[in-house]
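Working notes for the structure below.
Residue numbers (the working numbering): 491 to 687.
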């Protein structure tokens, strides 16, 4: 049974955590991204599908390649960040289900259903992308998720050798610089968007 996080933990993950537009010059290490992945992979996905495919851009060359696929102010954010991440989704995730979900013949549920696989890949990789944000915050890093990019360019640059993997969204990663954030946007009260029945 889980134990509630203390107030500081809740602040770190949700209440005082922010989306950052810029970072300090402290690097992000491979050990840190492995730690993030080892946390995010524990989050639930349907039938343990694990469709998320992550490309961690630590080198300047990789960040420049990703920046060239982005629009608006995003290229500058990506180039200047200590790291960036492409959160992709494998539309053939079902090929891995025999070992990921050995309790049933889950692969057969998706054979011959490419549209169903796309829907599941998008939903569950989006969950994994959210787990990435939470895991990064939990280990003391900050993120700047974004969707302002050319999907076809990102797919070609980062998943060209596997056309069944597509980009879902991208994010910068590092130790956030507080001077780069805006005032927090409004958050709705419970009664605004919730119904109890």
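In this text, a Cβ means the ideal position worked out from N, Cα and C, and glycines have one as well. Every value quoted in this text rests on a predicted model; they were computed, and no experiment measured them.
Residues that DSSP places opposite residue i in a beta bridge
i	result
residue 647	Partner(s): none; residue 647 has no beta bridge.
residue 663	573 and 633
residue 545	576
residue 600	The partner list for residue 600 (beta bridge, DSSP) is empty, contrary to what the question assumes.
Backbone secondary structure at residue i - three-state DSSP
i	result
residue 614	helix
residue 675	coil
residue 578	strand
residue 499	helix
residue 513	strand
residue 656	strand
residue 507	coil
residue 591	coil
Chain C contact for residue i (CB, 8 Å cutoff)
i	result
residue 684	The structure shown has no chain C; it contains just one protein chain.
Pick from the options that is closest to residue i, judged by C-alpha positions
i	options	result
residue 658	640, 671 and 670	640
residue 665	602, 564, 611 and 571	571
residue 674	498, 505 and 494	505
residue 663	537, 583, 608 and 545	545
residue 526	559, 510 and 630	630
residue 501	539, 609, 671 and 627	627
Cα-Cα separation, residue i to residue j
i	j	result
residue 603	residue 588	17 Å
residue 595	residue 530	25 Å
residue 534	residue 563	33 Å
residue 699	residue 645	The chain is shown only over 491 to 687; residue 699 falls outside these bounds and no answer can be derived.
residue 677	residue 649	36 Å
residue 519	residue 551	16 Å
residue 656	residue 610	13 Å
Legend entry - Any 3 or more C-beta pairs closer than 8 Å across the stretch 606-622 and the stretch 510-517: In short, these stretches do not touch, since the Cβ pair count stays below three.
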